[in-house]
Amino acid sequence: GDSVTQMEGPVTLSEEAFLTINCTYTATGYPSLFWYVQYPGEGLQLLLKATKADDKGSNKGFEATYRKETTSFHLEKGSVQVSDSAVYFCALSSNAGNMLTFGGGTRLMVKP
Amino acid sequence: DAGVTQSPTHLIKTRGQQVTLRCSPKSGHDTVSWYQQALGQGPQFIFQYYEEEERQRGNFPDRFSGHQFPNYSSELNVNALLLGDSALYLCASSKGQLNTEAFFGQGTRLTVV
């Protein structure tokens, strides 16, 4: 079945540091890939998505490129802020409906 | 636009009891999915409702059931609660069953004691 594996956290960075959160997946066919963010006490917010190979999703300075050859969708940001502190989830959708399969989440802590 | 709203925000139940959680989708959305998020883990898909029918189901027992109303709102029912059912229950809505852009509510925190 489908699965998503992402790096375990927490990831602790200083403000303005470069961020990479690794995500790899296993799926049948050609899934759509997503990054969601969850701030403390809140639900999930869609951060970015990519629907086909080599697509780059981007939003709020975050980027991720759909790499079919390595089955990866790593999240990057050039300069993190304290306000980026949250839990980040990589997810995929590969069936005819829009059921999402999530990774375990990576907690990011950004210190001033 | 109120977005996806869920109620209640928190509740505490005793083992063996039954619980009903409610979800109102974002305006214009007709598809509702439910997810269970255990502490420190990613959400797991429970089921999806579209046109008042269950369309997809994850690996959850029959104790978990749901309903969708003509106004697209939805309920999640859990019978014979177990301690392991303690989790954050998230509702997500989308426009059309095949639309991959889902909007999530803030969730209902269920604690079973």
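If you're matching them up, the sequences are chains A and B in order. Mapped onto our numbering, the consecutive letters of the first sequence carry residue numbers 575 to 686. Mapped onto our numbering, the consecutive letters of the second sequence carry residue numbers 937 to 1049. Beta carbons are placed, not taken as given, at the ideal position from N, Cα and C, and that holds for glycine.
Chain A contact residues for residue i, given Cβ-Cβ distances below 9 Å
{"i": "B/Pro997", "result": "Residues of chain A passing the Cβ test: none, with the nearest at roughly 18 Å."}
{"i": "B/Asn969", "result": "First, the amino acid is wrong: residue 969 of chain B is Ser here, not Asn. Correct list: Gly671, Asn672, Met673, Leu674."}
{"i": "B/Leu1018", "result": "Those do not exist, as B/Leu1018 stays about 22 Å from chain A at its closest Cβ, beyond 9 Å."}
Contact set between residue i and chain B, taken where Cβ atoms lie within less than 7 Å
{"i": "A/Glu616", "result": "Gln1042"}
{"i": "A/Leu620", "result": "Glu1037"}
{"i": "A/Phe636", "result": "Ordered by position in chain B, no residue passes the 7 Å Cβ test against A/Phe636, which lies about 17 Å from the chain."}
Beta-carbon contacts of residue i that lie in its chain and below 7 Å, excluding the five residues immediately before and after
{"i": "B/Gly994", "result": "Gln980, Phe981, Ile982, Phe983"}
{"i": "A/Met581", "result": "Ile595, Asn596, Thr680"}
{"i": "B/Gln1004", "result": "Val968, Tyr985, Glu988, Ser1010"}
Check whether residue i and residue j have beta carbons under 8 Å apart
{"i": "B/His965", "j": "B/Tyr1008", "result": "yes"}
{"i": "A/Thr586", "j": "A/Lys685", "result": "yes"}
{"i": "A/Thr680", "j": "A/Thr645", "result": "no"}
{"i": "A/Ala638", "j": "A/Leu620", "result": "no"}
{"i": "B/Tyr985", "j": "B/Ser1001", "result": "no"}
{"i": "A/Tyr610", "j": "A/Phe647", "result": "no"}
{"i": "B/Arg1045", "j": "B/Thr950", "result": "no"}
{"i": "B/Gly978", "j": "A/Gly677", "result": "yes"}
{"i": "A/Tyr604", "j": "A/Ala624", "result": "no"}
{"i": "B/Leu1034", "j": "B/Trp970", "result": "no"}
{"i": "B/Cys1027", "j": "B/Val968", "result": "yes"}
{"i": "B/Gln973", "j": "B/Ala1023", "result": "yes"}
{"i": "A/Thr675", "j": "A/Ser606", "result": "no"}
{"i": "A/Leu682", "j": "A/Leu593", "result": "yes"}
Contact set between residue i and chain A, taken where Cβ atoms lie within less than 8 Å
{"i": "B/Ser1030", "result": "Asn672"}
Paired residues, beta bridge with residue i - DSSP
{"i": "B/His946", "result": "B/Arg1045"}
{"i": "B/Val1014", "result": "B/Val955, B/Phe1000"}
{"i": "B/Ser1030", "result": "B/Thr967"}
{"i": "B/Arg993", "result": "B/Phe983"}
{"i": "A/Leu682", "result": "A/Val585, A/Ala660"}
{"i": "B/Tyr1008", "result": "BP columns for B/Tyr1008 are empty, so no partner."}
Contacts that residue i makes with chain B (C-beta to C-beta distance below 8 Å)
{"i": "A/Gly679", "result": "Gly976, Gln977, Gly978"}
Nonlocal neighbours in the same chain, by C-beta distance under 6 Å from residue i, ignoring five residues either side
{"i": "A/Tyr613", "result": "Ala660"}
{"i": "A/Asn672", "result": "none"}
{"i": "B/Thr1047", "result": "Ile948, Ser1022"}
{"i": "A/Lys608", "result": "It is Phe, not Lys, that sits at residue 608 of chain A in the sequence shown. Excluding positions up to five away in sequence, the list reads Lys623, Ala665."}
Residue i Cβ short of 7 Å to the ligand FAD heavy atom set
{"i": "B/Tyr986", "result": "Summarising the ligand content, the structure contains no ligands, and the ligand FAD is consequently not present."}
Close Cβ partners of residue i (< 8 Å) along its chain, the five nearest in sequence each way excluded
{"i": "A/Gly635", "result": "Lys651, Gly652, Ser653"}
{"i": "A/Lys630", "result": "Ala624, Glu637, Ala638, Thr639, Tyr640"}
(request) Just list the alpha helix (DSSP H) runs in the segment 583-622 of chain A, keeping only unbroken ones of 4 residues or longer that don't cross its boundaries, in chain order. (result) none
(message) What ranges does the beta strand (DSSP E) occupy inside the segment 630-662 of chain A, keeping only unbroken runs of at least 3 residues that lie completely in it?
(response) The segment 630-662 of chain A contains these whole beta strand (DSSP E) runs: 630-633, 636-639, 649-651.
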